[in-house]
Amino acid sequence: MIVFPNTPPAPLALDCPAFTPHLLALRATIDHTPPSNHAESVRYVTKLHDYLEAVFEYLASSTGSKEPAVWAELALLVALTSIPPWTNVKPATKSAGRGSKGVKGIWTLADEIIVSLVVASFMYTRLGAELTNELIESATVDGLDLKWRGVSAHYKSALGLCLFAAQFRAVVQQPSVCPQVFVVLDQACNVGIQMLLLCKSLWLNRVSFSRRDSFESNNNGMLCRVAIWVLDEIHSCHNVASDLLASTRDSTDWNLCYDNWDSYLMVLEKYASAYAALFLSIDYYQKKMLGHALGLVNFGLLVLQSKSAVAQKTSKAHLVSRIRYRLAEKRNERYILSLQSTTSLKVDNSVFRDLSGVILNDLNYVFDLLVLLRVKLKKENDNINFDTVVDWQDVHNDSKWPLGCKIPVSAVPDYVPRALVDLRGLDLSSLRQYF
């Protein structure tokens with residue numbers, strides 16, 4: 001469900017004599033503005049695929065070879081323009097120095113191929129998020145399994161394209177696209193696949209809770225561990241994104257526009273933490289441990305509303321620190337006590353600009369179910385169990401949390417350009433030998 005702000009880049013007009021009229025025409029058919037709905041996204045990806053296939057066929061016919069390394073050598077020498085012909089792609093801020101085979105400060109066909117593959121990968125992650133967003137709105141659980149499998153297929157397609165782009169960059173002797181982009185994209189795709197399980201389970205629980213006041217899932221402990229794995233991956237992705245932003249100030253590579261990625265990923269970390277709290281709370285509730293269940297719900301709500309975490313006091317704490325601790329503790333208590341079943345999530349919508357806002361619906365559904373769960377648990381605990389509410393802290397600062405883990409998934413299919421397919425029936429699984 002990661003859809004970064006300012007992605008995917010959109011193509012700008014390109015008038016280049018080095019390109020054939022056919023390639024220029026295909027490129028011109030790709031929308032110059034980001035798609036605004038799922039149908040437009042599908043058309044965008046289809047046109048982008050057609051363009052990429054034509055570029056690879058052009059390289060295959062020009063070189064008479066099916067070796068990507070040979071294609072890369074020619075693509076590096078084909079100069080297209082002096083500036084990146086894509087929105088939200090930033091040029092290098094520092095010369096690559098001597099010894100580069102490519103033309104300095106020039107956007108080459110190799111750059112165009114790699115960025116086009118990256119854009120296609122970003123688009124598939126967006127397709128996965130859009131389809132998830134559509135499915136979680138359904139009030140019925142019947143007949144949707146095929147569509148849920150389609151979400152997974154989108155993320156796997158994104159991974160295949162990302163892998164091919166990274167491999168193609170590896171055979172370019174003087175690549176000029178920042179390699180860490182592929183790390184972030186790979187993490188986003190893998191997070192999307194695991195988030196699919198969380199989103200689907202939340203949706204099933206919401207439908208079940210609204211109908212029978214009970215929960216559908218019985219593997220909530222495992223779902224919590226998946227959410228913690230997602231949290232760890234998002235945190236790692238956040239670190240890489242911070243490095244990317246810092247590197248753009250003095251870089252020999254083309255870079256994407258990383259504006260607002262930091263704020264966006266901070267919200268996603270809270271999102272994953274709330275998911276972990278929700279599923280572990282349901283797990284404890286099903287085990288009749290309402291004190292832990294309520295403590296986890298409280299933690300999840302405070303995280304989502306960006307309330308200050310209350311750190312444990314120490315004997316050596318300064319007086320000011322103790323005062324701040326008490327004030328934060330009281331603020332959090334007042335907020336929790338003020339919650340009603342109709343309370344809505346307050347979030348900074350400026351973080352979710354354009355396409356990145358696709359996760360807002362699910363973010364609100366996590367909050368809503370936490371609120372409803374708290375009302376239910378508090379009523380049962382106040383009248384039946386009388387358990388003491390257990391205090392839960394941040395995932396990485398509280399030993400009560402389980403370790404994160406991901407669910408194994410089936411193999412990711414390779415992205416294979418038609419021009420690479422041997423007419424004699426080459427086994428597609430062996431195509432990675434070219435790299």
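Residue numbering for the sequence shown follows the UniProt record's numbering, starting at 1 and increasing by one per position. Just so you know, even glycine gets a beta-carbon here, dropped at the ideal spot from N, CA and C.
- In this structure, the CA atom of S208 is about 53 Å from the CA atom of L14.
- Between S247 and C162, the CB-CB gap reaches or exceeds 8 Å.
- Bounds of the beta strand (DSSP E) holding A79 are 79–81.
- Between the alpha carbons of S41 and N381 lies a gap of roughly 48 Å.
- Shown here, L256 sits in a strand according to DSSP, grouped into three states.
- The alpha carbon of L12 has as its nearest neighbour, out of L52, I83, P68, H396, the alpha carbon of I83.
- Contact between T87 and P35 is absent: CB atoms are separated by about 13 Å, not below the 8 Å threshold.
- Counting C-beta pairs closer than 8 Å gives fewer than three between the segment 103–122 and the segment 375–390, which falls short of the contact rule.
- Closest in alpha carbon position to L26, among R212, K47, Y155, C16, is K47.
- Here the alpha carbon of I193 sits roughly 13 Å from the alpha carbon of L223.
- For V119, the enclosing alpha helix (DSSP H) has its first and last residue at 109–135.
- For W71, the three-state secondary structure derived from DSSP is helix.
- Considered as a whole, the segment 212–264 harbours 220–247 as its complete alpha helix (DSSP H) runs of no fewer than 4 residues, in chain order.
- Proximity to L244 across A272, K287, G295, L185 peaks at L185, based on C-alpha coordinates.
- M195 and R169 have their C-alpha atoms roughly 29 Å apart.
- Within the DSSP bridge table, the entry for K270 names no partner.
- Under the DSSP definition of a beta bridge, V89 partners with L256.
- Under a 10 Å Cβ-count criterion, C405 is classified as exposed, with fewer than 16 other Cβ atoms of the shown protein chains found around its own Cβ.
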